[in-house]
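Visitor:
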Amino acid sequence: MTPPNFRSLMVEQNPSTESTTPQSSTPQSKSNQSTTRASVVTLGSDRLPEGDVTIQVAYSSLNYKDALAYQGHRGVVKKLPHIPGIDAAGTVIDSRSEHYRKGDQVLVTGYDLGQGHWGGWSELIRVPADWIVPLPNSLSLREAMIYGTAGFTAAQSVMALQRNDVSPNMGEVVVTGATGGVGSLAVQLLSHLGYEVVAVTGKTEQHEALLACGAKRVVGRAEITDDSTRPLLSATWAGAIDTVGGPMLQTLLRSTVYGGCVTACGLVAGADLSMTVYPFLLRGVSLCGIASADCPMARRRQIWELLAETWKPNNLDSLVTEVSLEQLPEQVERILAGQIVGRVVVKIGYRTSDNGWK
Ligand SMILES: NC(=O)c1ccc[n+]([C@@H]2O[C@H](COP(=O)([O-])OP(=O)(O)OC[C@H]3O[C@@H](n4cnc5c(N)ncnc54)[C@H](OP(=O)(O)O)[C@@H]3O)[C@@H](O)[C@H]2O)c1
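All residue numbers for the sequence shown refer to my numbering, where the first residue is 15 and numbers rise by one.
1. Tell me whether K217 counts as near ligand 1, meaning its Cβ is closer than 7 Å to at least one heavy atom of that ligand.
2. Does the count of Cβ pairs from the region 266–277 and the region 286–304 closer than 8 Å reach three?
3. Measuring only the C-alpha atoms, how far is V150 from W318?
4. Using 8 Å as the threshold, is the region 245–261 in touch with the region 139–153, meaning 3 or more CB pairs across them?
5. Determine the direct distance from the alpha carbon of K326 to that of L266, and round the result to whole angstroms.
6. Taking 7 Å as the cut-off, is the CB of I146 close to at least one heavy atom of ligand 1?
7. Using only CA atoms, which one of N28, P17, V54 lies nearest to Q1?
8. If we ignore side chains and look at the alpha-carbon of each, how far apart do R51 and N178 end up?
9. Just grab the DSSP bridge partners of Q70 for me.
10. Would you call the CB atoms of D108 and K116 closer than 8 Å?
11. Could you check the C-alpha separation between M184 and S306 for me, to the nearest Å?
12. Assign S152 to one of two classes, buried (16 or more other C-beta atoms within 10 Å of its C-beta) or exposed (fewer than that).
13. According to DSSP, what are the bridge partners of H96?
14. Can you list, in chain order, the residues of its chain with a C-beta nearer than 7 Å to that of V201? Leave out the 5 residues immediately preceding and following it.
15. Is P148 helix, strand or coil when you go by DSSP?
16. Going by DSSP in three states, L281 sits in which element: helix, strand or coil?
17. For L330, name the three-state secondary structure that DSSP assigns.
18. Please list, in chain order, all residues of the same chain as T163 whose beta carbon is under 7 Å from its beta carbon, the five residues on each side excluded.
19. Answer yes or no: the CB of L281 versus the heavy atoms of ligand 1, is any distance below 7 Å?
20. Rounded to the nearest angstrom, what separates E219 and S198 at their Cα positions?
21. Locate the beta strand (DSSP E) running through T215, then write down its first and last residues.
22. So which of A322, G58, P18, G86 has the shortest CA-CA distance to V25?
23. Who pairs with E336 in a beta bridge, going by DSSP?
24. Just to confirm the assignment, what range does the beta strand (DSSP E) spanning A81 have?
25. In angstroms, rounded to a whole number, what distance separates the CA positions of Q42 and I160?
26. Around the C-beta of G356, are 16 or more other C-beta atoms found within 10 angstroms, so that it is buried, or is it exposed?
27. Whole angstroms is fine: what's the gap from V180's alpha carbon to C275's?
28. Between the C-alpha atoms of D80 and A249, what's the straight-line distance to the nearest angstrom?
29. May I have a chain-ordered list of the alpha helix (DSSP H) segments no shorter than 4 residues that lie completely inside the region 168–254?
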């Protein structure tokens, strides 16, 4: 049975005179845009969106996109009020789907969760059954959210390198934004699979941490950024997982070896790609786009099984910060400033005896 109310971190119009928080509202933080504000609120369960399956969330996570949603960014949030959180892992408490029963442990990442649909920064979510992935046997709910969309995206990127025949014996593979969520997990996965990883970071104080994650060596951003207009640079990298875009992506494409592959998933350093097609024509370099939110379900399940089993790094827990809903605003500011190291996991926690919760 669905409990009568649930807590969540809600983003709403600011200032708001109409109460969207019938039971309590604790202001936590103002976003950078004065038009929105975020607070931990208690909502009646009748406010949950349409969906087949209601899930009691144990853990969620913080991704860059969540920080944009927290700010009410119109490219991410369709309408206010909104509950961010593109990731959630928890237990089914109510289901109209023949595929899921009460007590099933499940995870949801991507689709419209935390964007057009209320997301995982909440004790409860209600979602369409076809967004759900059963939790693989060898994965805990917390581990699923250490990965979250970041790990899933890193894994998709690794799979793209493999599908483009970038094997560990071809030479060094670069990971940019290496201390970020996607980047740090890409370093761990690649290293676990036997690749020689060159981690690129703007945080000199995190070199040791990246070496401990499995990087063979760590370099600064400037070392792999070439501002010249030369169409091709010295052929250096077997492949790259780029999470930042901009000049670094352009440089990587121009310095990848014949037959190599570069994956692109992010744009924190820029959305433009300004270069010639020579790397593609003369070196057969592949540029592989990664779009994790709408990854088809068959591939999605395959990747989660890999993450739970043969791809699971021994040091998965090494760069994790665990926070509560109330502590999220501070972490949002940090991810927007590029200061996060590794993954931020949100422990939602269960209430034990409160208004019908048990
Ligand atoms: N396409 C998809 O499906 C998909 C899925 C997930 C994420 N993404 C995107 O991937 C990117 C990374 O996401 P995330 O969640 O891993 O974010 P994150 O945790 O904030 O990591 C981003 C990292 O990029 C580096 N960085 C930040 N600002 C930079 C700048 N101006 N120039 C160069 N490097 C900079 C920093 O690492 P260092 O300090 O170590 O350099 C930072 O930690 C975001 O753009 C996100 O939207 C896309």
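For every residue, glycine included, the Cβ atom is placed at its ideal position computed from N, Cα and C.
Guide: A quick look at the data gives this:
1. yes
2. yes
3. In the sequence under discussion, the amino acid at residue 150 is Pro, which differs from the Val named in the question. Rounded to whole angstroms, P150 to W318 spans 7 Å at the Cα level.
4. no
5. 27 Å
6. no
7. Outside the modelled stretch of the chain, which goes from 15 to 372, sits residue 1, for which no answer is possible.
8. 44 Å
9. T105, L138
10. yes
11. 26 Å
12. exposed
13. V25
14. V189, A192, V211, A213, L224, C227, G228, A229
15. strand
16. coil
17. coil
18. N77, I100, D101, T123, G124, S306
19. yes
20. 15 Å
21. 210–215
22. G86
23. V359
24. No beta strand (DSSP E) contains A81, which is instead part of the alpha helix (DSSP H) from 78–84.
25. Unreliable positioning characterises Q42 in this predicted model, as indicated by a pLDDT of 38, which lies under 50. A coordinate reading is not provided.
26. buried
27. 7 Å
28. 37 Å
29. 195–206, 221–226
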